[in-house]
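Residue numbers (my numbering), protein chains in the order written: chain A, 1 to 134; chain B, 1 to 134; chain C, 1 to 134; chain D, 1 to 134. Below is one structure, written out as structure tokens; comments come after it.
There are 4 protein chains.
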Amino acid sequence: MPATYLVKLNDVDAAGVVFAPRVCAIAHEGYEELLAACGLPLADLLAEGRWALPLVRLEAAFHAPLRHGMRVRIAADGTAWEDTGCTVVVTLRDEDGRLLASVAQTIACIALPERRRAPFPPPVRAALARLAEA
Amino acid sequence: MPATYLVKLNDVDAAGVVFAPRVCAIAHEGYEELLAACGLPLADLLAEGRWALPLVRLEAAFHAPLRHGMRVRIAADGTAWEDTGCTVVVTLRDEDGRLLASVAQTIACIALPERRRAPFPPPVRAALARLAEA
Amino acid sequence: MPATYLVKLNDVDAAGVVFAPRVCAIAHEGYEELLAACGLPLADLLAEGRWALPLVRLEAAFHAPLRHGMRVRIAADGTAWEDTGCTVVVTLRDEDGRLLASVAQTIACIALPERRRAPFPPPVRAALARLAEA
Amino acid sequence: MPATYLVKLNDVDAAGVVFAPRVCAIAHEGYEELLAACGLPLADLLAEGRWALPLVRLEAAFHAPLRHGMRVRIAADGTAWEDTGCTVVVTLRDEDGRLLASVAQTIACIALPERRRAPFPPPVRAALARLAEA
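Set out below in structure tokens:
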């Protein structure tokens, strides 16, 4: 089930549309909500103090502007596993299903507190895998 | 010496002016720059792990809109000491010196990791006192 | 019915809690959602091009830190009418009903495009009145 | 001359580093400062009401975390012209010159108020060309 987000007054910039990096933030916020629904609240993961899941790469295509008052549907449309990370494609659509933006987030698994890359622990891997089916 | 800030594209909201809570954030960002210039970089203070200086109260008056492209001067115009905290009045002015907003930030000193209120340690107190003279 | 908000990764600052001006932004975002539920979507109001409802004053008290992963309930707890504006008290509570922050937003009604203060038009006044009953 | 940015308390997220979309916003803010220094203040451009320069694509690689208190140098390291847009590579480096992030922003020129793509007008093209030499 996708997350939904109402575009607020303060999401819009001086050009009258949502600022591109803010679109990426909205995508990540939706991804965080979807992860929590898949059993992986990022807050709990960080509180454990063992793992962080930072973005190492981000590729976004902006197809149509997000505007004030839109209700945007945020979904994970695919997950690709790589040796050292995982790419989750987050899509933002309007209420008619029209694609507004797609944001490919490449995430690394970082072991804390050393901050070195590590394989995803199985529960994290499972939650990320469930994301695209959600 | 006041800090200066160029109002960016993404500071402005759908109404064409800087969103009020963002004005408060700009005030705090200027205060953080001024504190660093007074010998108290917040990053170093937090890295020590002994003290945090959260806001417990915030009173802001917005006199004129901040607009895209303005260069705003941020200064600490006064510091009032209380038993349990300190109030720093941060003002935002345009290049002609016209008052745009004034933000009174009441700060508590919190001892970490317990997160209980504590008297300001002398170097913090000294830096806060220097702020309004800066 | 209050709005709810899940505190995200990017709401938290370097001190490990939600940055005070961001708390004020979350309050305003909840207020925007509540206004829409009361029949006054701010986007439609702005699109009309006749009125804006900027904050002219903001008074916030922060009682307990908002932390990553909290689900915060945002409600309008009272509306006070003044000659030239209206103050809406927005409260943020945790899931147990504990008060985290209260943000008094004083709003002016601004006639566009001249940007001069004006009495609230009746539908805006009615929606603001419904807020505190919602 | 690159722009500089002091990483603030509120730039850092719950994982203790600057949130990736915020890194992209810092890159765009630096680009906006550099553009102004090259004679193209975005505020003036938007105020004319004839052109907007939205991002249509964004590709960011995050090499090392941005941390609270860092002074980041933001520069435009290259500009590539395409039929329908222009890609500006913005780099963020620490004070030792180490690459922290690189953000390729693909910008379209949009004629207002119709919001259709148009060739860059010569003064915009000239300013964008000067960026990478700055």
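We treat Cβ as the ideally placed atom computed from N, Cα and C, and that holds for glycine. Treat the numbers as computed from the prediction; the structure is a model and nothing was measured.
Query raised in the report: If we ignore side chains and look at the alpha-carbon of each, how far apart do B/A61 and C/V56 end up?
Result: Position 61 of the second sequence, counted from the first residue, corresponds to residue 61 of chain B. Position 56 of the third sequence, counted from the first residue, corresponds to residue 56 of chain C. C-alpha of B/A61 to C-alpha of C/V56: approximately 6 Å in a straight line.
Requested in this report: Answer yes if the region 113-131 of chain A comes into contact with the region 113-127 of chain B, meaning at least three C-beta pairs across the two stretches below 8 Å, and no otherwise.
Outcome: Touching, no.
Query raised in the report: CB-CB under 6 Å to A/P65, same chain, minus the five flanking residues each way: which ones, in chain order?
Result: In the first sequence, the residue the question calls residue 65 of chain A occupies position 65. Annotation for A/P65: V17 place their beta carbon closer than 6 Å to its own, counting only its chain and skipping 5 residues before and after.
**Report entry** Residue interval of the alpha helix (DSSP H) (run including D/A37)
**Finding:** Taking the fourth sequence and counting its residues from 1, one reaches residue 37 of chain D at position 37. Under the DSSP assignment, D/A37 falls in the alpha helix (DSSP H) whose first and last residues are 20-37.
Query - Buried/exposed call for D/E33, threshold 16 Cβ in 10 Å - result: In the fourth sequence, counting from the first residue as 1, residue 33 of chain D sits at position 33. Only buried fits D/E33, as 16 or more other CB atoms lie within 10 angstroms of its CB.
Report task. Look up C/R115 in the DSSP assignment and say whether it is helix, strand or coil. Result -> As a first step, residue 115 of chain C must be located in the third sequence, where it is residue number 115. Here C/R115 sits in coil by DSSP.
Query raised in the report: Under the rule that 16 or more other beta-carbon atoms within 10 Å means buried, what is A/D44, buried or exposed?
Result: The residue labelled residue 44 of chain A in the question sits at position 44 within the first sequence. Burial call: exposed.
Query raised in the report: In the structure shown, what three-state DSSP assignment does C/A14 receive?
Result: In the third sequence, the residue the question calls residue 14 of chain C occupies position 14. In the three-state DSSP reduction, C/A14 falls in the coil class, being neither helix nor strand.
Query raised in the report: Which whole-angstrom value is the C-beta distance of A/V72 and A/Y5, which I expect to be below 8 Å?
Result: Position 72 of the first sequence, counting from 1, holds the residue named residue 72 of chain A. Position 5 of the first sequence, counting from 1, holds the residue named residue 5 of chain A. Right, their Cβ atoms sit about 5 Å apart.
Report task. Have a look at A/V7 and D/A37 and give me their C-alpha separation to the nearest angstrom. Result -> For this step, residue 7 of chain A is matched to residue 7 along the first sequence. For this step, residue 37 of chain D is matched to residue 37 along the fourth sequence. C-alpha separation (whole angstroms): 32 Å.
Query raised in the report: Rounded to the nearest angstrom, how far is the Cβ of D/A76 from that of D/V88, given a contact under 8 Å?
Result: The sequence position of residue 76 of chain D within the fourth sequence is 76, counting from 1. The sequence position of residue 88 of chain D within the fourth sequence is 88, counting from 1. Here D/A76 really is in contact with D/V88; their C-beta atoms are around 5 Å apart, less than 8 Å.
Query raised in the report: Roughly how many whole angstroms lie between the Cα atoms of C/A111 and B/L128?
Result: Taking the third sequence and counting its residues from 1, the one referred to as residue 111 of chain C is at position 111. Taking the second sequence and counting its residues from 1, the one referred to as residue 128 of chain B is at position 128. About 41 Å.
Query - Sequence ranges, beta strand (DSSP E) only - wholly within the region 77-104 of chain D, length at least 3 - result: Taking only runs of at least 3 residues, the beta strand (DSSP E) segments lying wholly in the region 77-104 of chain D are 86-93.
Query raised in the report: Is C/L46 near B/A14, with beta carbons less than 8 Å apart?
Result: As a working mapping, residue 46 of chain C is identified with position 46 in the third sequence. As a working mapping, residue 14 of chain B is identified with position 14 in the second sequence. Note that the C-beta distance between C/L46 and B/A14 is below 8 Å.
Report task. Please list, in chain order, all residues of the same chain as D/P41 whose beta carbon is under 8 Å from its beta carbon, the five residues on each side excluded. Result -> Working through the fourth sequence from its first residue, we reach residue 41 of chain D at position 41. Only residues of its own chain outside the window of five on either side were considered, and among them L35 have a CB closer than 8 Å to the CB of D/P41, listed in chain order.
Report task. Assign B/A20 to one of two classes, buried (16 or more other C-beta atoms within 10 Å of its C-beta) or exposed (fewer than that). Result -> The residue labelled residue 20 of chain B in the question sits at position 20 within the second sequence. Per the 10 Å Cβ criterion, buried.
Query raised in the report: D/A125 by DSSP, collapsed to three states: which one?
Result: As a first step, residue 125 of chain D is located in the fourth sequence; it is residue number 125 there, counting from the start. It is Arg, not Ala, that sits at residue 125 of chain D in the sequence shown. Helix, per DSSP.
Query raised in the report: When we look at the beta-carbon of C/R50 and count the other beta-carbons within 10 Å, is it buried (16 or more) or exposed?
Result: Working through the third sequence from its first residue, we reach residue 50 of chain C at position 50. Burial call: exposed.
Query raised in the report: Which chain A residues are close to C/G69, counting only those with a beta carbon under 7 Å from its beta carbon?
Result: By one-based count along the third sequence, residue 69 of chain C stands at place 69. Residues of chain A passing the Cβ test: P41, A43, D44.
Requested in this report: Give the range of the beta strand (DSSP E) segment to which A/L66 is assigned.
Outcome: Within the first sequence, numbered from 1, the residue matching residue 66 of chain A stands at position 66. Segment: none, A/L66 is in no beta strand (DSSP E) and carries neither H nor E.
**Report entry** Alpha carbon of A/E59 to alpha carbon of A/I26, nearest angstrom
**Finding:** Translated into positions along the first sequence, residue 59 of chain A becomes position 59. Translated into positions along the first sequence, residue 26 of chain A becomes position 26. CA-to-CA, the gap between A/E59 and A/I26 works out to about 14 Å.
Query raised in the report: How about B/L9: is its C-beta nearer than 8 Å to some C-beta of chain A?
Result: Sequence index remark: in the second sequence, residue 9 of chain B carries index 9 (1-based). Any Cβ of chain A closer than 8 Å to the Cβ of B/L9 would place that residue at the interface, and such an atom is present.
Report task. Within 10 angstroms of the Cβ of D/E133, are there 16 or more other Cβ atoms? Answer buried if so, exposed if not. Result -> Taking the fourth sequence and counting its residues from 1, one reaches residue 133 of chain D at position 133. It counts as exposed.
Query raised in the report: On the three-state DSSP scale, how would you describe D/L40?
Result: Translated into positions along the fourth sequence, residue 40 of chain D becomes position 40. Look at D/L40 here: in three-state DSSP terms it is coil, with no helix or strand label.
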